[in-house]
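Visitor: If you scroll down you'll find the structure; I have some questions about it.
See below:
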């Protein structure tokens, strides 16, 4: 079983749609959780951290359920510019002062006009 | 400023060449990372430096040799690579991990390496 699992998609949605991505992780000792966005042939860019209380940044809402080891990302009012791969990322502490990010395989989103 | 810079952007090298990739950040981060990313795959961790000391080597072949000359710079020395080493090499940096902290990693634009 992979440490971080995501539906690879692709998700093809029209502009203005609401789309949700889900992610599960296997290590219950995981410390922190993130969503990164990666455009084709570019580096991953931090979209948002995910907190237990849930958090929102404009059209983006992230949720974390530690009991179910489940993370979600909701995008409202999709824009063409939202087309990208969304990476679910989990941070685990490997040793004192050293951590490791575990990446999901990514979910591809394509927003069409 | 959350900028991590990497040079060169593109590199083509033969299997007998020696080359180096460079990474720089000025965010005061004391953890720096090298990742390798193949097409349509997520980044794979190669090395982690904490306080300029190598703290994680993910069983990377010795033809990849990392170096951290100071707290702002990270190099990856390449020698006798194989065609299957062709990939996007990403550098990242973050504040040091502390239990309970949430220190995001910031990635550079990467070096696209082709080994012929």
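Chains as they are written, first to last, in my numbering: chain H, 2 to 114; chain R, 981 to 1096. Heads up, the beta-carbon is just placed ideally off N, CA and C, and yes, glycines get one too. Keep in mind that this is a model prediction, so the values were computed, not measured.
Do the segment 18-27 of chain H and the segment 37-44 of chain H touch if we need at least three Cβ pairs shorter than 8 Å?
Guide: No contact exists between the segment 18-27 of chain H and the segment 37-44 of chain H.
Visitor: Less than 8 Å separating the beta-carbons of residue 113 of chain H and residue 15 of chain H?
Guide: Yes, these two residues count as a Cβ contact at 8 Å.
Visitor: In whole angstroms, what separates the C-alpha of residue 1079 of chain R from that of residue 994 of chain R?
Guide: Note on residue 1079 of chain R: pLDDT 48, under 50, position unreliable in the model; the coordinate value appears next. Their Cα atoms are separated by approximately 43 Å.
Visitor: Is residue 1085 of chain R close to chain H? Criterion is C-beta to C-beta, closer than 8 Å.
Guide: Interface residue, yes.
Visitor: Tell me, to the nearest whole angstrom, how far the beta carbon of residue 1067 of chain R is from that of residue 1093 of chain R; I am working on the premise that it is less than 8 Å.
Guide: Contact holds; Cβ gap of about 6 Å.
Visitor: Just by C-beta distance, which residues in the segment 1034-1064 of chain R are closer than 7 Å to chain H?
Guide: Those would be 1035 and 1036, in chain order.
Visitor: If you measure from the beta carbon of residue 1090 of chain R to each beta carbon in chain H, is any gap under 8 Å?
Guide: Cβ-Cβ to chain H under 8 Å: yes for residue 1090 of chain R.
Visitor: Work out the CA separation of residue 108 of chain H and residue 1021 of chain R for me, nearest whole Å.
Guide: Distance between the alpha carbons of residue 1021 of chain R and residue 108 of chain H: 11 Å.
Visitor: Quick check: the Cα distance between residue 29 of chain H and residue 1000 of chain R, rounded to an integer number of angstroms?
Guide: Between residue 29 of chain H and residue 1000 of chain R, the C-alpha separation is close to 38 Å.
Visitor: List the residues of chain R that residue 45 of chain H touches, going by C-beta distances under 8 Å, in chain order.
Guide: Per Cβ cutoff of 8 Å: 1023, 1070 and 1087.
Visitor: According to DSSP, is residue 1063 of chain R helix, strand or coil?
Guide: It is helical.
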